[in-house]
Structure formats: structure tokens, C-alpha cells
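K.L.:
Have a look at the structure that comes next, please.
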Amino acid sequence: MSSVLLERGRARTRWRRWLYGGLGAAAAVGLLAVLGVLIPLDWVTTLSAVFMYILLAEGWNILGGYAGYLNFGMVTFFGVGAYTAGVLCTQYNVHPLLTIPLAGIMATVVALLVGVPALRLRGVYFAILTLIISFLTQVLVTNLDITGGASGIYMPSLPFDPFTNEQIFYYAFLGLMLLAVLLAFIIEHSRFGYALVAIREDEDPAEILGVRTTWLKTQALLLGAFLAGVAGAIYAFHTSYIEPQGTFSLDISIDVVLMSLVGGLGTWQGPVIGVPLMLVTAQVLRILAGELPFFGSTIPPEFDRVVFGIILILVALLAPYGVMGLVRRVRGRRLTV
Amino acid sequence: MLTTISLSLLVQALVNGLLLGLVYTLISLGLSLTLGIMGVVNVAHSTLIMLGSYLALELLQRLGLDPIISAVIAVPVFFLIGVLLERLLISHVARASQTTGLLVLFGVLVVIEGAAILRWTTDTQVLSVSYINASLTLAGIAIAVPRLIAAAIALVLVLLLDTFLRSTLYGKAIRAMAQNRDAARISGIDTDRLSLLVFGLATATAGVGGVVLAMIFPFDPQDHYRWLAWAFLVVVIGGLGSIRNTLLAGLLIGLIETVSSVLFPFQYVYFIVYLLLVVTLLVRGQGLAGSQSRAL
Numbered sequence: 005m006s007s008v009l010l011e012r013g014r015a016r017t018r019w020r021r022w023l024y025g026g027l028g029a030a031a032a033v034g035l036l037a038v039l040g041v042l043i044p045l046d047w048v049t050t051l052s053a054v055f056m057y058i059l060l061a062e063g064w065n066i067l068g069g070y071a072g073y074l075n076f077g078m079v080t081f082f083g084v085g086a087y088t089a090g091v092l093c094t095q096y097n098v099h100p101l102l103t104i105p106l107a108g109i110m111a112t113v114v115a116l117l118v119g120v121p122a123l124r125l126r127g128v129y130f131a132i133l134t135l136i137i138s139f140l141t142q143v144l145v146t147n148l149d150i151t152g153g154a155s156g157i158y159m160p161s162l163p164f165d166p167f168t169n170e171q172i173f174y175y176a177f178l179g180l181m182l183l184a185v186l187l188a189f190i191i192e193h194s195r196f197g198y199a200l201v202a203i204r205e206d207e208d209p210a211e212i213l214g215v216r217t218t219w220l221k222t223q224a225l226l227l228g229a230f231l232a233g234v235a236g237a238i239y240a241f242h243t244s245y246i247e248p249q250g251t252f253s254l255d256i257s258i259d260v261v262l263m264s265l266v267g268g269l270g271t272w273q274g275p276v277i278g279v280p281l282m283l284v285t286a287q288v289l290r291i292l293a294g295e296l297p298f299f300g301s302t303i304p305p306e307f308d309r310v311v312f313g314i315i316l317i318l319v320a321l322l323a324p325y326g327v328m329g330l331v332r333r334v335r336g337r338r339l340t341v
Numbered sequence: 225m226l227t228t229i230s231l232s233l234l235v236q237a238l239v240n241g242l243l244l245g246l247v248y249t250l251i252s253l254g255l256s257l258t259l260g261i262m263g264v265v266n267v268a269h270s271t272l273i274m275l276g277s278y279l280a281l282e283l284l285q286r287l288g289l290d291p292i293i294s295a296v297i298a299v300p301v302f303f304l305i306g307v308l309l310e311r312l313l314i315s316h317v318a319r320a321s322q323t324t325g326l327l328v329l330f331g332v333l334v335v336i337e338g339a340a341i342l343r344w345t346t347d348t349q350v351l352s353v354s355y356i357n358a359s360l361t362l363a364g365i366a367i368a369v370p371r372l373i374a375a376a377i378a379l380v381l382v383l384l385l386d387t388f389l390r391s392t393l394y395g396k397a398i399r400a401m402a403q404n405r406d407a408a409r410i411s412g413i414d415t416d417r418l419s420l421l422v423f424g425l426a427t428a429t430a431g432v433g434g435v436v437l438a439m440i441f442p443f444d445p446q447d448h449y450r451w452l453a454w455a456f457l458v459v460v461i462g463g464l465g466s467i468r469n470t471l472l473a474g475l476l477i478g479l480i481e482t483v484s485s486v487l488f489p490f491q492y493v494y495f496i497v498y499l500l501l502v503v504t505l506l507v508r509g510q511g512l513a514g515s516q517s518r519a520l
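For the protein sequence lines, the chains are H and U, in the order given. In terms of my numbering, the first sequence opens at residue 5 and continues consecutively. In terms of my numbering, the second sequence opens at residue 225 and continues consecutively.
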């Protein structure tokens, strides 16, 4: 955030940089839009997953990255979104398209109920509370009748051929991801974003200096929850079957944190870099796992979890600002105030 | 007739709860020690517990060792694991910010859990010892033998640790360190070496805790989050003040679990414990963080 405030560069260079940035972004968006009809089916599916995680990570980053409140239960809002869509669609015959915004709203309501008291806690205690809330929600969903219990919900499928289906989800996730990235960009360059960073740097002085910390943290949480809820709803239609173990999996929460961390906490580019990086790593590891000998047998797919854990440790200790931190260091700029 | 049955059920639940509570005290002690003395929230604690369970399983299957012997073996093994972890990671974490420490320890959790799945798969395991289904009947109350042994081991270890911290010079130094690390350092206490000792002890209690838990419950590499929540609940309720308070909190959680499993279907026990943890964290989580002083 400091880049805009501290940089006393000439207006022209900055204008030029924005122009190039804008052109680059437009080219990237154009490319992704065209790719949706050009590339084979499995690539479309892989890229949809990348877009979904970027959407989640951008949502997580608002509170976690800018304000420094690590939410280890992001999957709560994702799962609530998925289940809202599932329940409304299968039991109340609500039109699928309508369930998606409703899922976002439901996730926001849940965030309001559980998150607002949680935000009274700081640091580690906030993280643990959000973690436990995701377990609590999972147990609740597993045992309620309306959610289908442990056997889950079969979602209605779209009336198209498989390839068209995948393309629809590709463009849905792409569009939402772009909105989320744009939102993060706007937040980063707004008073809202500066205030969140002030909370991260030192909350008490920020409050004394007139930052309405509670309200801003709440807003950050709710925005992230809404994005996660919408992502969850589309995910539900995409996978066509949701059950509590997978939909509320802790892996999703940890992956979102890890991907944001690797890309760079508190930067709008962070998730855009971190998500593909980690998903490609996972993919490569799975391919390698089929070839590398491992104590005489082949490496099972869980191998990538171990590598993810090691990456989490190393990045947290050695490069806490991720790829963006390294980029900014190379460019000779400071990341924080 | 009905009331006598439900009364004896209730008494049985109380006895079982107290026994379970001793085990819960043991698995929570390490979390309380590292948080209270070193200021490190060890979210990977439950994966160390899980490793303890698998140590017991391996020793039983490969060498036919009884878990009672495994519990003794677990002490030096896990003390060493703890010392290594402290040297490699925790010593760096303790100097970094709390959130960095949390991220690192989550990484440790993911690594240990993933490695355990690679090694032992996600299958549920039980320690099939000869006395697994044996039970003693005392005054009309049936007590499972494995549970009794587990509780006895837990009690011995808790008392040993309490005595160590109360009556030895090392214990005194650790208490001094908990109260004020800088002042302890100025007084000539080697706080770095003591951190090693504390984390080693904490890991050892987790390891033995895993061994005794495996005598009572089936286990797999992924259900350790349950014990993380249980241990946190004990720590949050008992506070960081003393091992005796941790013991009281552990017994309380044991009672809550068994009594609520008599009153409600089994799956609601999780719900109740998670909910309790959410509420107690909200009420006194930050207070825990603030009260760094530790009397023991």
C-alpha cells in the first residue's frame, strides 16, 4: 500500500505504469476468455479450479492479508454457500441462478453471527476460534436432516453436454475471479485498505488515531465471506455432489491461507500468483508421484500435502511476504509502512 | 427399577468420566506448558499425540510390546522429537511474530499428518491387546481395564511432572522463566536450554498421551483435530496457572463428555465440546494471552 503514498515519482511515469498495467491486465483477461473455447476439457477444469481458489484467496486476503487476522476457517463460509445452494435448489425448488447470490448472503449472515464475536479475539486466538467454528459447522451439517446428513446432497446438473457445462463453470469462475481481483485492487488503493493495514501494523494506535477498527474488520470479514459463499455455491453445482467431509474440509482452509501466503499477504496480486503456483506444484507432484520410487513403492497422492506443509513452514519463516515481497524487494520498494 | 438403572448408568458415566479426564489432562499438559512458559501456541500438538498412538501400534505389532511398556518408551522417544523440533523450528518461531509461529506450526501439523497418512494410510486402527475388552466390576459399576490402566499411567505422569516443577531446581527455574523470561535470564537462568527442556517435556506428555489414548479409542491419522479441540478446551478452562487447575479442567471435560454421551446421541458430544470451546475462547481467550504470569 505504501507504494502509492510514499512514491514521489513523477506523475507521468506513474501514469505510464498504470497504462501498461491496464493493457497487460486487459490482454491477460482477453487471453483467458479466448482460452475457454480453445483448450481441451481437462485444462478447462483445471483452470476453473485455479479461478475458484483465486476467488477464495482474494476474499480471505481482505481480512487475513491486509488486516492480519488469519482466518483458519474460511471453509465455513465456502461450505455454507455450497449447502445453501444445495438445500434451496433441491428442497425449495429455487432457481439455481438465484441460489448463488442467496448463498453469498447466507455466508455473510453466518459471518455476521460467528465472526463478529470472533473478531473480539486477536492473533492466534482468532485463528483457533475460526478453526473450531469450521469444525462445529461441519458437525452440525453432518447431523442435520435438512442438509442430508453424512450422505450429502446430489445437485441438479445443467441440461448441456459435459464440455459446454465445463465451459459455463469456467466463465462463471473467471468472471467472479476478475471481480474479486478488481475488488482487492480497489480496496488496496482505498482508505479502507490503508485502514486495514493500519490494523495489521498495530491495532491499538490505529484505533486511537481514529480508525474504526471493529467496523472495518467486520466489513473485511463479511466481504470475504460473501465471495466464499458465492464460490461455494458454484462449486456445489460444478461437482454436482456435496457432502460434509469434503465440502467443509480443513484442507481448503489451509490451502487458501498457504496460497495467499506464497503469493504475498496483503497484496491484490498475491492470490493471483500464489494459487496457480501451488496448484501447478500439486499437479507436478502428482505426476512425479507416479514415477518416483518411494521406499520400493510409488508415492501416494497424499505426498503433495507433505510438500505443501514444508512450503508453508519455509515461506512463513524465510519469506513471510511471499513472491510479492521478493518482487518488491528486487524493485527496491518497501512492502509495509 | 428404571431409576436405579439410570442411576447406576450415571455413576458409571461419572467414574468413566473421571478416568477419561485424567487422560485428557495428560494430553493437554504439553499445550499448557508451551503456551504458558514459551508463549507458543502449538497447534501441531495433536499430531504429536497421534504419533504416540502409532508408536504404540508399531511396537505392539512388530515387537508385541504391551502399550504399558510403550508408554515408558514413548517418554525418551518423544522427548528427543521435542528437542529436535525446538532446535529446528520452535526456537525461530518463539522469536518471530505470533502469527508467523502459527503458520509454521500449521505447516508442522500438515507435514506430520501427511506423513502419517503416507506411512499408515487413513485406515482406523485399534490396539488389539489381550485385555482390550476386559472389565472390572466394582460395586455394580463396570470399568474397562484399558481405560483404568490408561488413567493410571496418566495420573502417574501428571503427578511426576507436578512434582518436578514444584520441587526441583529445574522446575523452579522454569517457573521463574514463565513469570518473567527476561528477569530469569538476567538472574543467570539459561532460558534457551530450558525452552529445550520444556518443549521436550511437552512433547513427551503428548507422546505418552497418544499411547494411552490409543488404549481407549480407535485412531487414524486425521481424527487428531478432536484432541486438539479437547486439549485447547482444557487449557482455556484450566488456565495457565497450575498443573492442578489443568487437572481439574481435564476431569471436568471428561465428565462433560461421558455424561453428555449418556444424555445425547454420540455425535452431539463433538458438537457440545466444540461449542463449549467457542464460548470459553470468546469469554477468556484473550485473557489467557494477557496473563503471561504463571504461578504453577
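Note that CB positions come from ideal geometry on N, CA and C, so glycine has one too.
Can you find a CB in chain H that lies within less than 8 Å of the CB of Tyr449(U)?
P.N.:
So yes, Tyr449(U) belongs to the interface.
K.L.:
Less than 8 Å between the CB atoms is what I'm expecting for Pro324(H) and Thr324(U), so what's the real figure, rounded?
P.N.:
Right, their Cβ atoms sit about 6 Å apart.
K.L.:
Give me the Cβ distance between Val328(U) and Leu313(U), rounded to the nearest whole Å; I'm assuming they're in contact under 8 Å.
P.N.:
Right, the Cβ-Cβ distance comes to about 6 Å (below 8 Å), so this counts as a contact.
K.L.:
Just checking: is the beta-carbon of Phe82(H) within a distance shorter than 8 Å of some beta-carbon in chain U?
P.N.:
By this cut-off, Phe82(H) is not an interface position.
K.L.:
If the cut is a Cβ gap below 8 Å, which residues of chain H does Gln322(U) touch?
P.N.:
Result: Gly127, Val128.
K.L.:
First and last residue of the beta strand (DSSP E) that includes Thr151(H)?
P.N.:
Run containing Thr151(H): none; DSSP gives neither H nor E here.
K.L.:
Taking CB distances under 8 Å as the criterion, tell me whether Val335(U) reaches chain H.
P.N.:
Yes - at least one Cβ of chain H is within 8 Å of the one on Val335(U).
K.L.:
Let me confirm a value: Ser321(U) is counted as buried when at least 16 other C-beta atoms fall within 10 Å, else exposed. Which label applies?
P.N.:
Classification for Ser321(U): exposed.
K.L.:
Using a C-beta to C-beta distance shorter than 7 Å, which residues of chain U count as neighbours of Ala74(H)?
P.N.:
Note that residue 74(H) is Leu in the sequence shown here, rather than Ala. Thr323, Leu326, listed in chain order.
K.L.:
Are the beta-carbon atoms belonging to Phe230(H) and Tyr498(U) less than 8 Å from one another?
P.N.:
Not a contact, by the Cβ cut-off of 8 Å.
K.L.:
Rounded to whole angstroms, what's the CA-CA distance from Arg216(H) to Phe196(H)? Just pull it up for me.
P.N.:
So the two alpha carbons sit approximately 10 Å from each other.
K.L.:
So Phe441(U) contacts chain H; which residues on that side make the cut at Cβ distance below 9 Å?
P.N.:
What Phe441(U) touches in chain H: nothing, since even the nearest Cβ is about 17 Å away.
K.L.:
Within the continuous beta strand (DSSP E) that includes Thr243(H), where are the two ends?
P.N.:
Per DSSP, Thr243(H) belongs to no beta strand (DSSP E); it is in the alpha helix (DSSP H), 217 to 243.
K.L.:
Show which residues of chain H have a CB atom less than 9 Å away from the CB atom of Gly462(U).
P.N.:
Here the premise fails: no neighbours, minimum Cβ distance about 16 Å.
K.L.:
May I ask you to list the residues that DSSP assigns as paired with Leu187(H)?
P.N.:
DSSP lists no partner for Leu187(H).
K.L.:
Given a cut-off of 8 Å on the beta-carbon distance, is the pair Ala473(U) and Ile377(U) in contact?
P.N.:
Taking 8 Å as the Cβ cut-off, Ala473(U) and Ile377(U) do not qualify as a contacting pair.
K.L.:
For the region 107 to 120 of chain H and the region 280 to 291 of chain H, state whether three or more C-beta atom pairs, one from each stretch, are separated by less than 8 Å.
P.N.:
Short answer: they don't touch.
K.L.:
Which term fits Arg371(U), buried or exposed, when burial requires 16 or more other beta carbons within 10 angstroms of its beta carbon?
P.N.:
The residue in question, Arg371(U), is buried, as its Cβ has 16 or more Cβ neighbours within 10 Å.
K.L.:
Taking beta-carbon pairs under 7 Å, can you tell me which members of the region 482 to 495 of chain U lie near chain H?
P.N.:
Cβ contacts with chain H come from Gln491, Tyr494, Phe495.
K.L.:
Return the Cβ separation of Val143(H) and Gln491(U) in integer angstroms, given the expectation that the two are a contact with Cβ distance under 8 Å.
P.N.:
Confirmed, Cβ separation roughly 7 Å.
K.L.:
Give the single residue among Ile317(H), Ile137(H), Trp272(H) whose Cα lies nearest to the Cα of Asn75(H).
P.N.:
Among Ile317(H), Ile137(H), Trp272(H), the Cα nearest to that of Asn75(H) belongs to Ile137(H).
K.L.:
Would you kindly report the start and end of the unbroken alpha helix (DSSP H) that includes Ser359(U)?
P.N.:
Counting along the chain, Ser359(U) falls outside any alpha helix (DSSP H), though it belongs to the beta strand (DSSP E) covering 359 to 362.
K.L.:
For Leu178(H), which of Ala235(H), Thr146(H), Leu135(H), Leu225(H) has the nearest alpha-carbon?
P.N.:
Checked all of Ala235(H), Thr146(H), Leu135(H), Leu225(H); the closest Cα to Leu178(H) is Ala235(H).
K.L.:
When you check each C-beta in the region 306 to 318 of chain H against every C-beta of chain U, which residues fall closer than 9 Å?
P.N.:
Per Cβ criterion, the list reads Glu306, Phe307, Asp308, Arg309, Val310, Val311, Phe312, Gly313, Ile314, Ile315, Leu316, Ile317, Leu318.
K.L.:
Can you check whether the CB of Gly478(U) is closer than 8 Å to the CB of Leu242(U)?
P.N.:
Yes. Within cutoff.
K.L.:
Specify, as a first and last residue, the run of the beta strand (DSSP E) that Ala368(U) falls within.
P.N.:
From DSSP, the beta strand (DSSP E) with Ala368(U) extends over 365 to 368.
K.L.:
What three-state label does DSSP hand Ser517(U) in the structure shown?
P.N.:
Unreliable positioning characterises Ser517(U) in this predicted model, as indicated by a pLDDT of 41, which lies under 50. The coordinate reading is nonetheless provided below. Of the three classes helix, strand and coil, the one that applies to Ser517(U) here is coil, per DSSP.
K.L.:
Our contact map puts Phe423(U) next to Thr271(U) with C-beta atoms below 8 Å; I'd like the distance itself, whole angstroms only.
P.N.:
Not quite, the Cβ-Cβ distance comes to about 15 Å (not below 8 Å), so this is no contact.
K.L.:
I'd like to know whether the C-beta of Tyr278(U) is nearer than 8 Å to at least one C-beta of chain C.
P.N.:
The question asks about chain C, but that chain is absent: this structure's protein chains are H and U.
K.L.:
List the residues of chain U that Ile136(H) touches, going by C-beta distances under 8 Å, in chain order.
P.N.:
Result: Ala453, Phe456, Tyr498, Leu501, Val502, Leu505.
K.L.:
Report buried or exposed for Thr112(H), applying the criterion of at least 16 other Cβ atoms within 10 angstroms of its Cβ.
P.N.:
Per the 10 Å Cβ criterion, buried.
K.L.:
Note down, in chain order, each residue of its chain lying with its Cβ closer than 6 Å to the Cβ of Gln516(U), except the 5 sequence neighbours on either side.
P.N.:
Low confidence applies here, because Gln516(U) scores a pLDDT of 44, under 50, leaving its location unreliable; read the following figure in that light. Here the set comprises nothing.
K.L.:
Which residues of the region 250 to 273 of chain H have a Cβ closer than 9 Å to any Cβ of chain U? Give them in chain order.
P.N.:
Per Cβ criterion, the list reads Leu254, Asp255, Ile258, Val261, Leu262, Leu265.
K.L.:
At the level of alpha carbons, what is the spacing between Arg518(U) and Leu385(U)?
P.N.:
Reliability of the predicted coordinates at Arg518(U) is poor, the pLDDT of 41 falling under 50, and the value obtained from them is presented with this limitation in mind. One C-alpha to the other measures close to 15 Å.
K.L.:
Taking 8 Å as the cut-off, does the region 60 to 73 of chain H touch the region 256 to 275 of chain H (at least 3 CB pairs, one atom from each stretch)?
P.N.:
Touching, per the Cβ criterion.
K.L.:
Using the Cα positions of Gly364(U) and Ile496(U), report the straight-line distance between them to the nearest angstrom.
P.N.:
Spanning the two alpha carbons is a distance of roughly 29 Å.
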